[in-house]
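Below is one structure, written out as structure tokens; the observations come after it.
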């Protein structure tokens, strides 16, 4: 569990925060299993049961579609503009990255973070926010399933 909710949330809790907590509680992950595999690999190197052969690495690597490549370019331009102090200009590129690759949580979280560290006010700029997207795509899709 990422978030363990109390039996009852305060009735005056901000609706967006309530929605965020409820959605976060639905996210499934297995950090203990991942950490154990990582430690095994770090300790044993290529002798680890989790180490991949070069062929397996290539087999698991995913090529980028034209849309994903264009999304990556827009995201990087947005990052550059944001860091250079041109936040308003960056938004256009972040939005385009989101349109081209809607399942990329990194692009969304990063853009939203620039608008609002708590991700609450991002909806005013992007028309959507973290809880909205989790609800739309499903909490079970937030992290890829471990393939160990």
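Numbering (my numbering), first residue to last: 4 to 151. Here a beta-carbon is modelled for each residue, glycine too, at the ideal position from N, C-alpha and C. This structure is a prediction, so every number in the text was calculated from the model and none was measured.
By how many angstroms is the C-alpha of residue 148 removed from the C-alpha of residue 45?
-> 21 Å
Completely contained beta strand (DSSP E) runs for the stretch 38–71, where each covers 3 or more residues | none
Excluding the 5 residues preceding and the 5 following residue 134 in the sequence, name in chain order all residues of the same chain whose CB lies nearer than 6 Å to its CB.
-> 22, 23, 26
Identify the continuous alpha helix (DSSP H) that holds residue 3 and give its terminal residues.
-> The requested residue 3 does not occur in the structure, where the chain is confined to residues 4 to 151.
Who are the Cβ neighbours of residue 100 in its own chain at under 7 Å, not counting the five residues just before and after it?
-> 74, 77, 78, 81, 110
Does the separation of the CB atoms of residue 92 and residue 84 fall below 8 Å?
-> yes
State the start and end residues of the unbroken alpha helix (DSSP H) segment that holds residue 109.
-> 108–118
Rounded C-beta distance between residue 31 and residue 151? I'm assuming under 8 Å.
-> That belief does not hold up - the Cβ atoms of residue 31 and residue 151 are roughly 15 Å apart, past 8 Å.
Buried or exposed: residue 61, going by 16 or more other Cβ atoms within 10 Å of its Cβ?
-> exposed
Quick one: grab the DSSP three-state call for residue 148.
-> coil
Mind checking which residues open and close the alpha helix (DSSP H) that includes residue 18?
-> 18–29
Measure how close the beta-carbons of residue 132 and residue 19 come, nearest whole angstrom, since I'm counting them as under 8 Å.
-> 7 Å
Identify whether residue 8 lies in helix, strand or coil by the three-state DSSP scheme.
-> coil
Can you give the beta carbon distance from residue 145 to residue 108, rounded, assuming they're within the 8 Å contact cut?
-> 7 Å
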